[in-house]
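Asker: Numbering (full-length UniProt numbering), first residue to last: 1 to 198. Where is the CB? At the ideal position from N, CA and C, for every residue including glycine. Note that the coordinates shown come from a computational prediction; the quantities given were computed from them, not determined experimentally.
#1: Spatial neighbours of residue 110 within its chain, please: CB distance less than 7 Å, with the 5 preceding and 5 following residues excluded, ordered by chain position.
#2: Can you tell me which residues form a DSSP beta bridge with residue 67?
#3: In three-state DSSP terms, what is residue 157?
#4: Mind checking residue 166: buried by the 16 CB within 10 Å criterion, or exposed?
#5: Would DSSP call residue 176 helix, strand or coil?
#6: Looking at C-alpha atoms only, which residue of 139, 79, 198, 99 is the closest neighbour of residue 181?
#7: Look at the Cβ atom of residue 55, then the Cβ atom of residue 90, and state whether they are nearer than 9 Å.
#8: Thinking residue 176 and residue 145 are a contact (beta carbons under 8 Å), I'd like their distance in whole angstroms, please.
#9: Is the CB-CB distance between residue 125 and residue 139 below 9 Å?
#10: Would you grab the beta carbon distance between residue 12 and residue 153 for me? Rounded to a whole angstrom, and I think it's under 8 Å.
#11: What would DSSP say about residue 133, mapped onto helix, strand or coil?
#12: List the residues that DSSP assigns as beta-bridge partners of residue 26.
#13: Using the rule of at least 16 other Cβ atoms within 10 Å of the residue's Cβ for burial, across every protein chain shown, is residue 41 buried or exposed?
#14: Which whole-angstrom value is the C-beta distance of residue 174 and residue 28, which I expect to be below 8 Å?
#15: Using beta-carbon positions only, say whether residue 88 and residue 62 come within less than 9 Å of one another.
#16: Does the separation of the CB atoms of residue 49 and residue 65 fall below 9 Å?
#17: Could you tell me how far apart the beta carbons of residue 160 and residue 191 are, in whole angstroms, since I believe they sit closer than 8 Å?
#18: Taking just the CA atoms, how far does residue 185 sit from residue 43?
#19: Report the partner residues of residue 12 according to the DSSP bridge assignment.
#20: Which term fits residue 178, buried or exposed, when burial requires 16 or more other beta carbons within 10 angstroms of its beta carbon?
#21: What did DSSP end up calling residue 41 once you bin it into helix, strand or coil?
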């Protein structure tokens, strides 16, 4: 028997998944004024994060950066620039650990290590993968922020135009949108972010 496995992800988080975890996780934020919420994962990066910050400044937009602790250690000046420009920060673990594949104690220690560098009560699990037990333990300390629109900028097989279309077609008031300030995502981010902000 032959099986083909696809590396798949959902651009729009289904309502039933949001409902199943509605009390523990934030997928969307009420926005009476039609606001949307831009988020950036995996930074800071020495050249890509400044590109993102310049785009945000040009369009007078604010965002939340879910940072990896080891990257904050490597690029503290870029991290400080995020703060100086009035953006929010969140914990994305110290080493970008997958909660489904990491023992709980190791996962929690990694989050605590990141917290030494990232002073925030916001947390986003890398890959969006987190167990119910991890959620139960972390929600006492953190607001766990997920998303309802995944740009797909990390997908090397996705065209920059399709990345932009993912965002434009799926965003509604209150949407939490995920981009990545990372080298892997940059070819799509560079095209999609400025156009999404227009």
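Answerer: By the coordinates alone:
#1: 93, 94, 95, 97
#2: 91
#3: coil
#4: Under this definition residue 166 is a buried residue.
#5: strand
#6: Looking at the Cα atoms, 79 is the closest of the given residues.
#7: no
#8: At roughly 7 Å, the Cβ-Cβ gap stays under 8 Å, so residue 176 and residue 145 are in contact.
#9: Taking the C-beta atoms as reference points, residue 139 is found no nearer than 9 Å to residue 125.
#10: With 8 Å as the limit, residue 12 and residue 153 do not qualify as a contact, their Cβ atoms being about 15 Å apart.
#11: helix
#12: 145
#13: It counts as buried.
#14: 5 Å
#15: Yes, these two residues count as a Cβ contact at 9 Å.
#16: yes
#17: 3 Å
#18: 11 Å
#19: 149
#20: By the 16-neighbour rule on beta-carbons within 10 angstroms, residue 178 is buried.
#21: strand
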